[in-house]
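Report on the structure given below.
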Amino acid sequence: MATRSIAAYELKLAAPLAGFFVLFFIAPLLILFYVSMQSDTGTSLAQYARFLLDPFSLGVLGRTLWLGVEVTMLCLLLGFPLAWAYVRGPRWLQPVLILVVLLPLLTSVVVRTFACIVILGRQGIVNSALVSLGLIDTPLRLLYTEGGVIVALAQVQMPLMVLPLITALSRIDPNMDDASAALGAGAWRGFWRITVPLSLPGIIAGCMLTYAAAITAFITQSLVGGGQMLFMPMYIYQQATALQNWPFAAAISIVFLATVLAVVSVFNALGRLSRAHA
Amino acid sequence: MRRRMGWEAVSFRVTLWGLAILGVLLLTLPSVVVIVVSFTSGYSLKFPPPGYSFRWYVSLLDAWQLQFAAGNSLKIAIWTTTLSVLIGVPAALAIARSPTARAKVLDSLFMSPLVLPALSFGLAALMFFSLIGLSVSPLTLVIGHVIVCVPFVLRTTIASVAQLEPTLLESSASLGASRLYTFRRITLPLIRPGIMAGAFIAFMSSFDNVPVSLFLRDARTDMLPIRMWQDLEGKLDVSIAAVSGVMIVLTLSLMMLMERLAGLSRRLR
Amino acid sequence: MSTRRTLLTSALALGAMHLFPRLGAAQARLLVFATFTGSWEEAHKDVLVPAFRKATGADMVLDPMLSVDQIAKVKASLSNPPIDVMLHDPGPALVAIDQGLVEPYPVAESKHYADLITEAQVPTGPAPFFQVVGLTYNPDRVKTPPTSWADLWKPEYKGRVGITNLNSTLGTGFLVEIARMHGGSETNVDAGFQAIKDLKPNIAAVAANPGQLATLYQQGQVEIGPGNFNAIQILKARGVPVEFVSPKEGAIAFKTTIHIVKNSPNKELAFKLIEAALSPEVQAKLMGSPYLIVPTNSKVKMTGEVAKVLASSVEDLKKKFVFQDWTAINKQRASWIERFNREIA
């Protein structure tokens with residue numbers, strides 16, 4: 000008994016939080032599942048059938064998942080060089096870059112989305128600049144378009160991509176680059192053959208966080224997308240509050256939860272694989 | 000051969016730095032633009048503004064609905080943070096050093112609110128509370144917020160416990176110190192920055208929470224982000240830019256403070 | 000260690016309720032008035048709420064939302080409704096009454112009820128104002144004012160038209176009017192749906208509600224479309240270039256009624272708020288600039304902008320405007336909303 004290390008604490012200490020989670024997290028999710036099984040004819044899978052056999056609903060799900068892919072790709076495209084600049088750039092740049100990444104992460108999502116509205120609006124900075132440069136005559140329609148939603152979401156979720164990438168890139172020995180250069184490999188080749196593969200765990204972690212956040216970002220999707228584009232979170236909200244169709248809303252939620260869970264598991268599996276190889 | 004490589008190195012640097020600069024612009028430009036627009040003298044969010052004034056900040060003094068919502072959000076965030084620390088830190092201590100499978104399961108359970116769609120949980124919580132007859136109130140809001148905010152406290156605390164030298168604690172014990180004494184005098188001071196960083200992020204994310212509040216709030220417990228969202232949908236008023244300006248400055252100052260006190264940026268990676 | 004743990008567990012065991020002395024659910028709550036978003040919220044925030052506070056010394060909060068959302072929220076928790084006073088356009092009002100969500104208005108106790116014009120005297124909830132829906136446009140960008148609903152389909156308005164979805168009376172009323180123009184009616188809107196589909200190339204935005212639609216003019220996102228007379232007035236007073244015009248087919252008019260919610264814990268205060276909304280003082284103030292809200296208290300004569308642009312009396316209003324049959328519309332509205340979201344949005 001006395002051999003137990005003092006550095007360890009009993010698992011019992013986690014009991015309050017575990018109880019809290021069972022009561023207020025697991026129980027609600029079970030209730031959600033129970034409600035989703037309700038229909039006019041008693042307990043059945045009717046709500047799920049309604050969702051899965053309806054091209055409109057499937058379209059909403061598909062669009063939402065694809066939106067996540069597009070946002071994640073954009074975040075990776077801009078986030079990777081940003082993380083790379085943090086790790087390989089001059090030291091004085093590091094505190095500046097970390098501020099640039101952290102401040103948006105901590106700033107309210109509503110504020111950041113609002114900022115996108117201001118930027119993308121017809122009288123916003125993008126249109127003003129293009130018009131005054133003479134590139135266009137009439138302002139472009141940027142708000143309420145899918146492109147607008149992608150850019151806004153990328154802006155909102157980018158810190159989630161950059162932070163794991165910084166961690167991953169910092170772990171790579173900078174001598175690796177020199178070594179590959181010394182062996183005659185070009186900068187691009189070294190980048191693709193060494194830097195990218197070695198940072199794969201960070202890439203996967205960043206993609207997972209960005210993807211999960213992007214497809215559930217209710218505020219950004221609805222404010223920048225406007226009334227014309229329907230994504231899963233708004234679909235759930237509409238069914239639950241405006242239409243008061245709780246069983247269907249619950250079923251959509253469960254489908255959405257399951258999808259996100261599946262995506263996360265795939266990323267986790269990839270992450271394990273990449274760590275094993277890295 | 001050498002010339003081609005030189006060109007390749009240049010193209011590599013230009014591309015990566017160019018994209019990095021684009022990324023920095025995408026991250027910073029919005030906040031800068033909002034702050035500039037919040038000082039407009041006009042009625043629209045036009046950029047650049049036709050003139051500058053403090054009128055929209057002055058108008059906040061009369062905005063009782065926004066003030067009411069901000070007060071509520073602050074109250075809920077304080078309760079959420081307190082509760083998250085009180086039950087999150089013991090759990091973090093338990094999990095951090097336990098190699099058992101049970102601890103791993105608990106860890107994934109406690110972290111799952113970070114990746115699962117919070118909107119689904121918000122709806123589930125609403126159904127749950129209405130089933131057990133607890134009507135929507137600050138209490139239900141705090142409970143919902145703790146579920147989605149406690150993972151932050153756990154994450155940073157577990158990370159700082161993991162960095163503790165076990166030998167340090169063992170030597171304290173070998174000198175006859177009780178477990179409680181060791182915890183208070185050695186463990187706690189060492190993990191305090193981790194707890195503080197986690198509490199800070201939990202506070203910010205509770206203050207900013209939308210998906211859970213959406214279902215668990217009502218008019219009496221109006222929350223600032225929801226109020227702002229509805230104002231944006233309903234009026235797209237410049238006063239929202241002023242609120243945003245205030246929030247950006249507050250966030251920045253709090254962040255600087257926490258960087259000093261708890262080394263925030265090191266704990267977020 | 001054990002003291003700490005006991006403390007923790009007992010704090011939890013006591014139940015979080017004890018941690019929130021002031022926040023318990025049982026406390027008497029503030030009066031909640033679910034007004035509409037946009038200019039109504041502004042008008043009520045500036046005029047009605049202060050009048051209520053002065054009259055009662057009590058405080059209250061506004062929770063602006065569309066009628067359909069008000070009904071959904073009250074229905075979801077009928078025994079303990081989150082709203083005390085609802086505001087409804089004719090369609091949702093019928094639904095709310097039908098579903099037993101409203102308390103009859105204590106007509107006998109009311110000081111102002113008898114002074115209301117006949118149309119506004121509704122025992123389930125009196126009407127504090129009328130609304131008018133016509134065409135709104137940006138005079139800086141649309142040089143020739145539109146004269147007909149049909150103008151919206153002109154190719155020159157490609158990417159410039161703003162509409163709302165059918166959750167609002169504005170959207171549904173517009174759809175019915177368009178259907179009627181193409182041979183349909185309140186019971187058959189197929190032609191209306193087809194016409195809105197044809198309008199798609201011109202549509203710049205589908206707003207969530209009339210308030211948002213109005214702000215899209217302010218932000219320059221849209222330049223022409225069906226619009227609510229009142230929704231644009233505050234913007235106009237602020238110098239936003241936006242004008243209202245009645246189409247030659249006739250603008251749509253309807254009354255808006257205000258109701259005490261069934262099982263409201265604040266019935267007395269709810270009654271006082273509605274009394275304030277019916278009072279000639281408040282109505283006269285709301286008729287003035289910048290709100291220009293059409294009054295229903297016969298002691299308030301229609302003057303100023305309202306008389307000039309809309310109507311000088313109720314008789315005039317009834318003569319000039321189109322009143323739609325909301326009982327007929329309601330029968331299919333839910334399916335139309337669904338259809339709109341699928342086919343247009």
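Residue numbers (numbering that gives the first Met the number 0), protein chains in the order written: chain A, 0 to 277; chain B, 0 to 268; chain C, 0 to 344.
Here a beta-carbon is modelled for each residue, glycine too, at the ideal position from N, C-alpha and C.
Asked	Found
How about Pro30 of chain C and Leu268 of chain C: are their beta carbons less than 8 angstroms apart?	The question names Pro, yet the displayed sequence has Leu at residue 30 of chain C. Yes. Within cutoff.
Would you mind telling me which residues of chain B sit closer than 8 angstroms to Pro63 of chain C, beta carbon to beta carbon, in chain order?	Gln229 and Gly233
Classify Tyr216 of chain C as buried or exposed, calling it buried when 16 or more other Cβ atoms lie within 10 Å of its own Cβ.	buried
Tell me the DSSP bridge mates of Ile259 of chain C?	C:Val84 and C:Glu102
Please check if any C-beta of chain B sits within less than 8 angstroms of the C-beta of Asn340 of chain C.	no
Near Ala275 of chain C, what residues of its chain come up, given a Cβ to Cβ distance below 7 angstroms and the 5 sequence neighbours on each side ignored?	Leu47, Ala50, Phe51, Ala54 and Val281
Could you please tell me which residues of the segment 201-229 of chain B, in chain order, have their CB closer than 8 angstroms to any CB of chain C?	Asp217, Ala218, Arg219, Asp221 and Gln229
Quick one: grab the DSSP three-state call for Leu269 of chain B.	Only positions 0 to 268 of chain B appear in the structure, and residue 269 of chain B is not among them; the question remains open.
Count the other C-beta atoms from every protein chain shown that fall within 10 angstroms of the C-beta of Gly99 of chain C, then say buried if there are 16 or more, exposed otherwise.	exposed
Any beta carbon from chain C within less than 8 angstroms of Val135 of chain B's own beta carbon?	yes
Any idea if Glu164 of chain B is buried or exposed, counting beta-carbon neighbours within 10 angstroms, 16 or more meaning buried?	exposed
What are the uninterrupted segments assigned as alpha helix (DSSP H) that are 4 or more residues long and contained completely in the segment 198-223 of chain A, given in chain order?	199-214
Let me know if Trp6 of chain B comes out buried or exposed under the rule of 16 or more other beta-carbons within 10 Å of its beta-carbon.	exposed
Since Phe253 of chain C and Asp97 of chain C are thought to touch, with beta carbons under 8 angstroms apart, how far apart are those beta carbons, to the nearest angstrom?	Contact flag wrong, Cβ pair sits at about 18 angstroms.
Within the 8 angstroms Cβ cut-off, does Phe38 of chain B reach chain A?	no
Are there three or more Cβ pairs, one per stretch, closer than 8 angstroms when the segment 103-111 of chain A is compared with the segment 153-164 of chain A?	yes
Taking contact to mean at least 3 C-beta pairs separated by less than 8 angstroms, is the segment 199-214 of chain A in contact with the segment 159-171 of chain A?	yes
Expressed to the nearest angstrom, what Euclidean distance is found between the alpha-carbon atoms of Ser78 of chain C and Ser167 of chain C?	26 angstroms
I'd like to know if Asp58 of chain C contacts chain A, where contact means its C-beta is closer than 8 angstroms to some C-beta of that chain.	no
Please state whether the Cβ-Cβ distance between Tyr156 of chain C and Asn208 of chain C is less than 8 angstroms.	no
Compare the C-beta of Tyr51 of chain B with all C-beta atoms of chain C and state if any pair is closer than 8 angstroms.	no
Per DSSP, which residues does Glu242 of chain C bridge with? Please list them.	C:Tyr136
Considering only the beta carbon of each residue, do Thr219 of chain A and Ala151 of chain A sit closer than 8 angstroms?	yes
Would you mind stating whether Val60 of chain C and Ala218 of chain B have Cβ atoms separated by less than 8 angstroms?	yes
In chain order, what residues of the segment 124-142 of chain A put their CB closer than 8 angstroms to some CB of chain B?	Ile124 and Ser127
Are there three or more Cβ pairs, one per stretch, closer than 8 angstroms when the segment 224-233 of chain C is compared with the segment 285-304 of chain C?	yes
Can you tell me which residues form a DSSP beta bridge with Tyr180 of chain B?	According to DSSP, Tyr180 of chain B bridges with nothing at all.
On a CA-only basis, which of C:Lys44, C:Val101 and C:Leu169 is nearest Ser263 of chain C? Give me that one, please.	C:Val101
What residues match up with Phe32 of chain C in a beta bridge as DSSP calls it?	C:Leu61 and C:Val84
Within the same chain, show all residues whose beta-carbon is closer than 7 angstroms to that of Phe50 of chain A, passing over the 5 residues directly before and after it, in chain order.	Ser56, Ala250, Ile251 and Val254
Taking any Cβ of chain B, which residues in the segment 53-70 of chain A have a Cβ under 9 angstroms from it, in chain order?	none
Between the alpha carbons of Ile251 of chain C and Val132 of chain C, how many angstroms are there, rounded?	5 angstroms
Assign Asp106 of chain B to one of two classes, buried (16 or more other C-beta atoms within 10 Å of its C-beta) or exposed (fewer than that).	buried
Under 8 angstroms between beta-carbons, which chain C residues line up against Ser43 of chain B? List them in chain order, please.	Gln217, Gln218, Gly219 and Val239
May I ask you to verify whether the segment 197-210 of chain B touches the segment 149-162 of chain B, counting CB pairs closer than 8 angstroms and requiring at least 3?	yes
Can you check which of these residues, A:Ala45, A:Met36, A:Gly183 and A:Leu10, is closest to Thr99 of chain B by C-alpha distance?	A:Leu10
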